[in-house]
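Residue numbers (this note's numbering), protein chains in the order written: chain A, 1143 to 1484; chain B, 1143 to 1484; chain C, 1143 to 1484; chain D, 1143 to 1484.
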């Protein structure tokens, strides 16, 4: 039985509390938040859980094995590092930290202390994304040509991070899970429509060392909500529409065929293939439920999480590069291979 | 009565022929195409129209007042220039020419000879785009924040031009008509998935000298067809979905309100406003019908076309810059104001 | 402060408990259910609420002012009648009772004891239905021509009532609220696809003493979920799609115009009018929240509920007639005016 | 080479002319219409086709082998009968005639003279309906539970026939093709919203001698266009949405499973099964093109048409019964088996 403490009960914290509360193999010992009013809500719903406005009470509590952190991004590093040093396993809401260097430090500390460090890349644990990964692993899509995502709505403008850090992080974590490649360069553009505020609309292209291109469009200022990714492969193509109540993943047996034009060596004959469409049935388990079970399993069996510190740091490195490119209106920023750093 | 000759009877030519044939105030005298088989199709449907495999027969025909050109882009300049020099008014399929310098030459020649030069920016003549322009002119949308367009499907791969020249040209011509601003820089990225072939997927951001940003996503390799532009204003926002059978234009009374936070001068309180949605009834006239009528009117009354040579050249200048930026993976390319050149 | 007791904690009961718990002006004193396991769930979430497997404990509790009943339909009458006799105000889940005679008895008893009797016709309290009523009251739709509803999905097959009692009851309660007319006859057809089970698919036409027709299609055995009603008026027409996340109500300025054909007195010239579409912004308050507040207000101020016993009995009378018609394969069953009975 | 004459060049006639003109194996010799202006349109587009305002010119023309009839329903019988007697093969627009007795006479006459008689049940020749038939024949859907169709829009009000004869005829012809059963009774309801005009909205339930039910909703007075049929089977269920540009047919691997409840012999345990969805690629050939080729083939090889006179008469018999039921507000009208009549 893993005893868990949760720091932060704002937007995402209640989801963590609900899922840890309802998962077998763990127990919530305490919740902390700076806001006493929120803690009253915890008490009303979960009278047996201890609450505190001081997160240190949780770190000093020897009965607590693991800490889950759902606070503003700027505090992730400090809280995660202190939790690790206090001997706790750690789950951190996405993104792992504000800077890639902080991520590296967390990875090292977790390794040194042999503690589980899991980043809450929630989408990785959805039935939809796991099904797409299965299709790719079984080579059903063929060679991957592109990933194109639109993630927009009239969303909550944030003051501390821009829309890339808030929303594109989801696509970067999905790609990190689906494709075993890391971008070599990023070109990003964006704009803030409010004075002295972070960008509320942004576009990001990722380049790779192969004929694969990825693009993400994120916005807090769209009249309609769209959550849709297209994944093009040489054999089949996928539409992942997260707003569909069912049939979130559609697989199209469509594409092109090519033949060299014998009469003209510089030309190529392109043919078009249109076949069936197929929407596989998906596991409907709430992603956070699956993630919590995986966290418990990693702790108990000393397994490496699917969304470990390394995946968190890879995502943060791309976010940093995107922000840099945005200040230079799309000028590409090179990325080092995360594996070459080791 | 304007007598018209049409050069090119491939993909778009039949639409020009049908619309000129059914429009009052004009008559089709002749059609030319290099392919004799296509000319047989003309004869079968329109037995009274003369046909020729040599376009020069049309230029030398003194009974012909105007020439409409629907041939590959690389031939636009030469055919349009010869037509002007032969004393004809000219309608050219989009884009006006392959290079902006060619556009300038055509503009000068048309001005010198006092002939009408109209670029076939078809979307400008749709009921949908004209309604959006009306909304903007009446200041219903407030200040314009962004234009975002997705124009993708499993489309015909072309060998001579890339997908930006084929599809983004539509959005550039729409923006040229809707907004009285010209971009100061372009950042574009893209990729070809076939060896030695032009890019089949591309992304383009346009920057302006004000807090307005535009983005266009075009692709010939998508599993689904999307033709949708979002236009965000400070007062209202528009979704233009060209695949809707009715309600192509939806106006959302949605947006944000801002107040300075008195306690924190670096922060801003953002409020959200959600009101009604409204889909205005649109003129259903075929765009090409309206365009042909406008062409005839410009010739007869010496009026300047809405989509004149200048608009054609502005669009081509942006396409050139986008291609240049694409070769440099998104590095922005500056654009001179087209008005400063004069 | 109204003290409330809730009988039944199965499918709908938890929604009642949550809404009474979070509404001002009332307090939940006790919950009863035959199933002790469910009562443990109540205790876990709401430790201060008393629980009992015997509903009589609630009726005998003098501290309780009002009872809300969310049990199988066949028990509604008995529980509501006992609650009234125990001096309680009563809220009953739809439909009010199994037979119209039972409804009349409940109405009489509530009137005699001067207690509030409210039927939980939830849809009547949604922002969407209230907006449609407003449109009708303001005569925006003109004369009403038809109401047509489809309410289908792969739904929970019930053993005690057929699909008409389960789903069509929603449409009957919506119509009872929207239109001030009562049907004069019902024709219904349907089928059970399982042996010895109630009908799982059904169709019902309602006739009125004017040129207005209503039809409801309900099914537990459809591959897709549809919740859509069309309301046709002489001036405008409405589409109410409850599965739309926003824009649930769309108003179409569409219709026909008629002129007598002077040359042919037996013919009529029909014209077609197509104008704008408009989706009014809707109150997003949860319907049950609004209903609970209305129940409290009716109790405290001795007001007559919008969904009173009479509306409950009118709905049940139509359901009875529909079932009778179904056994005779659509042969219409006449309905007496509910007002003529008084 | 079959020489064809076409009577009627109103709404549907031009489609027949275009398809016969472009089909191999036949030639259009002449077209007749009462309206001389329409015949000018024929001449302009097809200068080689003879035209006449008198259909008898076509019947007397010995060079003509087959007649296609696209005139008002009330004239079908007379024109088809005269064509047969003149020794022509006949294709008649749906429905075959105004009364079932007329249909029987046409069938007999065609048989006696050994001429092909084909009813233009166009939908039967679509890729979508043929694919659904294939699914049924291969037993992919299991036992068929229901057919439910909605066919509504703001449509052309007709003066001579009601909406059932205009639109429900499509569903009856589709069902006649898909299912090898004939209804034993019909219950229909409907209403006219214009004085002295035929019904513009109608509902029809078909009963069979097995646990299969069919329902059709048709309307000329709906704010939105819907063309959607649901077909429920014990194994799988189909949604046929004719307005989808692709994926018109979706096959859902969904349904219920049943087990007898051992503890309660009157109850049944119902389980729910939700699997993949699949949209087969469809033949995109225009239905009328396929139908014309089939007509030619039937003539040349003395084959019986898929949509022969018998299918035409079965459809008309149901329409007659539906109209009778409508006058009696849904009272069911029995249908004799069409096979028992022989």
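Note that beta-carbon positions come from the ideal geometry of N, C-alpha and C, so glycine has one too.
The structure displayed is predicted, hence computed values, not measured ones.
Residue i, DSSP secondary structure in three states
| i | result |
| --- | --- |
| residue 1326(A) | coil |
| residue 1394(C) | strand |
| residue 1313(A) | helix |
| residue 1468(B) | helix |
| residue 1399(A) | strand |
| residue 1418(B) | strand |
| residue 1424(D) | coil |
| residue 1297(D) | coil |
| residue 1476(A) | strand |
| residue 1282(D) | coil |
| residue 1176(B) | coil |
Outcome for residue i when other beta-carbon atoms lying within 10 angstroms are tallied against a minimum of 16
| i | result |
| --- | --- |
| residue 1478(A) | exposed |
| residue 1135(A) | Summary: the structure shown does not reach residue 1135(A), with chain A confined to residues 1143 through 1484, and so no result is reported for it. |
| residue 1332(B) | buried |
| residue 1352(C) | exposed |
| residue 1212(D) | buried |
| residue 1180(A) | buried |
| residue 1346(C) | buried |
| residue 1164(B) | exposed |
| residue 1116(D) | With chain D covering only 1143 through 1484, there is no way to say anything about residue 1116(D). |
| residue 1264(D) | buried |
| residue 1198(B) | exposed |
| residue 1414(B) | exposed |
| residue 1422(B) | buried |
| residue 1216(B) | exposed |
| residue 1279(A) | exposed |
Cβ shell of residue i (< 8 Å), same chain only, five flanking positions each side left out
| i | result |
| --- | --- |
| residue 1325(C) | 1348, 1349, 1350, 1356, 1460 and 1477 |
| residue 1442(D) | 1144 and 1167 |
| residue 1229(C) | 1255 and 1257 |
| residue 1274(A) | 1320, 1373, 1380, 1382 and 1391 |
Residue i versus the options, residue with shortest Cα-Cα distance
| i | options | result |
| --- | --- | --- |
| residue 1369(C) | 1474(C), 1352(C) and 1387(C) | 1387(C) |
| residue 1253(B) | 1385(B), 1175(B), 1227(B) and 1189(B) | 1227(B) |
| residue 1237(B) | 1250(B), 1251(B) and 1222(B) | 1222(B) |
| residue 1268(A) | 1432(A), 1311(A), 1177(A) and 1473(A) | 1432(A) |
| residue 1242(A) | 1320(A), 1264(A) and 1464(A) | 1464(A) |
| residue 1426(D) | 1272(D), 1190(D) and 1182(D) | 1272(D) |
| residue 1206(A) | 1277(A), 1172(A), 1156(A) and 1176(A) | 1172(A) |
| residue 1335(D) | 1277(C), 1376(C), 1467(C) and 1317(C) | 1376(C) |
| residue 1373(A) | 1283(A), 1201(A), 1440(A) and 1341(A) | 1283(A) |
| residue 1462(B) | 1305(B), 1383(B) and 1434(B) | 1305(B) |
Own chain, CB closer than 6 Å to residue i, minus 5 neighbours either side, in chain order
| i | result |
| --- | --- |
| residue 1244(A) | 1219 |
| residue 1294(C) | 1361, 1364 and 1368 |
| residue 1393(B) | 1378, 1380 and 1420 |
| residue 1397(B) | 1415 |
Short CB-CB distance (under 9 Å) between residue i and chain G
| i | result |
| --- | --- |
| residue 1210(B) | As a matter of chain content, chain G is missing from the structure shown, whose protein chains are A, B, C and D. |
Any non-hydrogen atom of the ligand MG within 8 Å of residue i CB
| i | result |
| --- | --- |
| residue 1363(D) | This structure lacks the ligand MG, and indeed carries no ligand of any kind. |
Contacts around residue i, its chain only, beta-carbon distance under 7 Å, and the 5 residues preceding and following it disregarded
| i | result |
| --- | --- |
| residue 1239(A) | 1218, 1219, 1245, 1248 and 1458 |
### Task
Starting from the N-terminal side, write out each stretch of the beta strand (DSSP E) that is 3 residues or longer and does not extend beyond the segment 1232-1276 of chain B.
1259-1262
### Task
Starting from the N-terminal side, write out each stretch of the alpha helix (DSSP H) that is 4 residues or longer and does not extend beyond the segment 1155-1211 of chain B.
1155-1164, 1178-1187 and 1198-1202
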